[in-house]
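To keep things clear, I will list the structure first and then write my remarks on it.
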Amino acid sequence: MNYTIFISSADSYSDLWPIFFDLFKMHWPDFKRNIYLNTEVKDFYHEGLNITCTKVGKLGSFGKTFRAGLKKVPMEDVMLIMIDYLFMGPVNILKLTEYFKFFKKENLDTLCLVHQNYREIGNTINADLERVIPPSKDMFSFQIAFWNKSTLYEMTLPHENPWASEWFGTRRANKMKIKLACLSRNAQRPILYDLAGCLHKGKWLQSAIDYLNIRGYNNIEFEKRGLYEEVPNSLKDRIKVKWMLIKCGLM
């Protein structure tokens, strides 16, 4: 049984590629299968990894870029990873293999490799895994997961950004009644990473800077992106988010 890894990215994140794949190789040294890195015009190479850059062109939106990249993946079974999910510990290959076999045997649309606060869940024959019973919130998210590529393609529309895709993708997933399973609350994640990612609104999170410094990445110019600082959402910010969702919904 086999699957392809699809890394969702764009050329504006190319400064993360050497860091991401360095940590990938460090924590998953025996990985030999294909990796599809979603790029626009840039190429990238990392020694010891079979990376194919999709080079989909400058399409102008996250949704268009995401979909065009998925179309370049020849296999139907994919593991989705966002480029800012830096690996933070050894990958548990035995558990990943076990979970992928369950994903295939149960003919799932997706198996999320983290636990989230789903509304209603049911037990499965695997004590580590739970079946999510729709309707539920977070039926779609960009956390690391196994996906049926055709289903994943429907979760993100061309005009959407990542936040709109999660919001409206959850509604689409509920309507489609996708077959979703996830890790149980007490199961150890097979891939360790910060669920918040290393960036927020394009700026570095302090937790990521601390981790990379501990790992010896002392030459990263963090000031180029800047440090994200949490500030209370103003009324203007809330209206902006609401209007974005309304606009995406109308489209």
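When we follow our numbering, the leftmost residue of the sequence shown carries the number 1, and every step to the right adds one. All C-beta atoms in this analysis are idealised placements derived from N, C-alpha and C, irrespective of residue type, glycine included. All values reported here derive from a predicted model rather than from experimental measurement.
For the pair H27 and V114, the CB atoms are not nearer than the 8 Å cut-off. With respect to the 8 Å criterion, A145 and L94 are not classified as neighbours on the basis of their beta carbons. For D22, there is no enclosing beta strand (DSSP E); the residue is found in the alpha helix (DSSP H) stretching over 17 to 27. Contact annotation: the stretch 46 to 55 does not touch the stretch 132 to 147, with fewer than three C-beta pairs closer than 8 Å. If you compare the alpha carbons of Q206, K177, H159, Y211 with that of G60, the shortest gap goes to H159. Burial is judged here by how many other beta carbons sit within 10 angstroms of a residue's own beta carbon; S150 has fewer than 16 and is exposed. In the displayed model, M88 falls within coil according to three-state DSSP, outside both helix and strand. Here the stretch 44 to 51 lies against the stretch 20 to 35, with 3 or more beta-carbon pairs under 8 Å apart. Annotated three-state conformation of S150 is helix, per DSSP. Shown here, M139 sits in coil according to DSSP, grouped into three states, outside any helix or strand. Proximity of the stretch 130 to 142 to the stretch 156 to 173 meets the contact definition, three or more beta-carbon pairs being nearer than 8 Å. Secondary structure at F6: strand, using DSSP grouped into helix, strand and coil.
Under DSSP, the beta-bridge partners assigned to V78 are T4, W147. If you draw a straight line from the Cα of K58 to the Cα of G69, it is about 12 Å long. Counting along the chain, the unbroken alpha helix (DSSP H) around Y211 starts and ends at 206 to 214.
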